[in-house]
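**Q** Residue numbering for the sequence shown follows UniProt numbering, beginning at 1 and increasing consecutively. We put the CB at the ideal spot given by N, CA and C, even for glycine. Because the structure is a prediction, the values reported are computed rather than measured. Before we start, here is the structure in question, set down as structure tokens.
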Amino acid sequence: MEARIVNSKERKLIGLSQEMSLVDNRTFELWKNFRAHSKKVLNRSSNDFISLQEYPIDYFQVFSPAKKFVKWACVEVVNFDSVPEEMNRLVLEAGLYAVFSYKGTAQNAQAFFQYIYGEWIPKSKYNLDDRPHFEVLGAKYKNNDPDSEEEVWIPIKAK
């Protein structure tokens, strides 16, 4: 599995967020709520959706599926001139990312992420950086479909 190393620009995002854990996963509920209101977001910079995770600084050091993190369902916008009342804004800082392509369902992603965090990062010339992780859900994304495709963006920094 190859990664593209990308120096990403700053991104302006609008969406909804919710605290959760892998044990108490509320992703479906979050996305259902966001999709119901996403047409209210103006000035979108693309048709892509972004699923973003903000992890506490020690999240990966002592991993537990019960540890809480903040998940976002959002879209990228050109500016924050028009933010729907029920939504929040988030500025994703510019930075270095390892970008992986994933094909399959969310239920089958565990081995994919275990490879990234357990093998690829330790063997690479990078460490995880303390910035949000995110997935770009573009035109080839199909929820719960084995042919679904998305990009997985992992924040990295040089060792």
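Using the C-alpha atoms, what's the distance from Ser51 back to Asn143?
**A** One C-alpha to the other measures close to 12 Å.
**Q** Over what stretch of residues does the beta strand (DSSP E) that includes Phe134 continue unbroken?
**A** Counting along the chain, the beta strand (DSSP E) containing Phe134 begins and ends at 133 to 137.
**Q** Given a cut-off of 9 Å on the beta-carbon distance, is the pair Met87 and Val152 in contact?
**A** Their beta carbons are not under 9 Å apart, which means Met87 does not touch Val152 by this criterion.
**Q** Provide the residue span of the beta strand (DSSP E) that contains Gln53, from first to last.
**A** Residues 49 to 54.
**Q** Mind checking Ile121: buried by the 16 CB within 10 Å criterion, or exposed?
**A** Its Cβ being crowded by 16 or more others within 10 Å, Ile121 is buried.
**Q** So who's on the other strand from Leu13, going by DSSP bridges?
**A** DSSP output for Leu13 lists Glu76, Leu90 as bridge partner(s).
**Q** Of the choices Ile154, Asp129, Pro146, Val99, whose alpha-carbon is the least far from that of Glu2?
**A** Per the Cα distances, Val99.
**Q** Do the CB positions of Gly27 and Lys71 come within less than 9 Å of each other?
**A** Per the sequence presented here, residue 27 reads as Thr, with Gly not at that position. Cβ atoms of Thr27 and Lys71: closer than 9 Å.
**Q** Let me check understanding here. Comparing Cα to Cα, which of Lys67, Asp48, Arg4, Glu76 lies closest to Lys140?
**A** Nearest C-alpha to Lys140: Asp48.
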